[in-house]
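Take a look at the structure below.
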Amino acid sequence: MRKVGFLVLALVVVWMPYATARPPYRLQAINQFNLVADRGDVRTASCQYCHVNANGGAPWNPFGNEVRANFKGNIGDALYEALKAMKDSDGDGYADVLEVFAGTLPGDANSKPLVTTQFLMQSLEKAGGVDIYKPR
Ligand SMILES: [Ca+2]
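For the record, in the sequence shown the residue sitting at position 4 is 76 according to the working numbering, with numbers rising by one throughout.
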């Protein structure tokens with residue numbers, strides 16, 4: 073019984089880095105969309121920015137599906153093209169790019185900016201427009 077406990081502990085230690093791995097797509101979105109970076113082990117931007125489940129994978133939320141529709145082999149380009157499409161993926165009245173700019177979730181209709189689309193659009197244009205979200 074003691075050996076089994078040790079084996080389990082050894083497996084947990086060995087697999088720990090994989091359990092806390094940061095998928096490159098999530099890191100790209102954090103960098104490209106100016107999302108708040110992780111603080112230690114605290115994930116500030118979850119996989120649910122694009123996915124339905126907290127651990128990612130299928131299915132995707134409406135914004136994740138928009139990114140997928142624009143994916144041609146490069147996640148940075150797909151994120152940018154999804155914003156350039158000026159769609160309101162979650163149907164909450166705010167285009168995806170305005171939600172990214174406001175810091176709300178473009179794939180969750182329960183998360184939306186508290187200011188008008190007109191105000192956000194003017195602010196985004198002053199900041200440089202959708203091109204501020206070009207891959208880098
Ligand atoms: Ca939203």
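Glycine included, every Cβ here is placed at the ideal spot set by N, Cα and C.
{"Check": "Cα-Cα separation between Y97 and E197, rounded to whole angstroms", "Outcome": "26 Å"}
{"Check": "Supposed contact pair D168 and L155 - C-beta distance, whole angstroms, cut 8 Å", "Outcome": "6 Å"}
{"Check": "Paired residues, beta bridge with R111 - DSSP", "Outcome": "V114"}
{"Check": "Nearest neighbour of Y205, chosen from G136, N182, G148 [CA to CA]", "Outcome": "G148"}
{"Check": "Beta-carbon gap between N133 and C122 smaller than 8 Å", "Outcome": "yes"}
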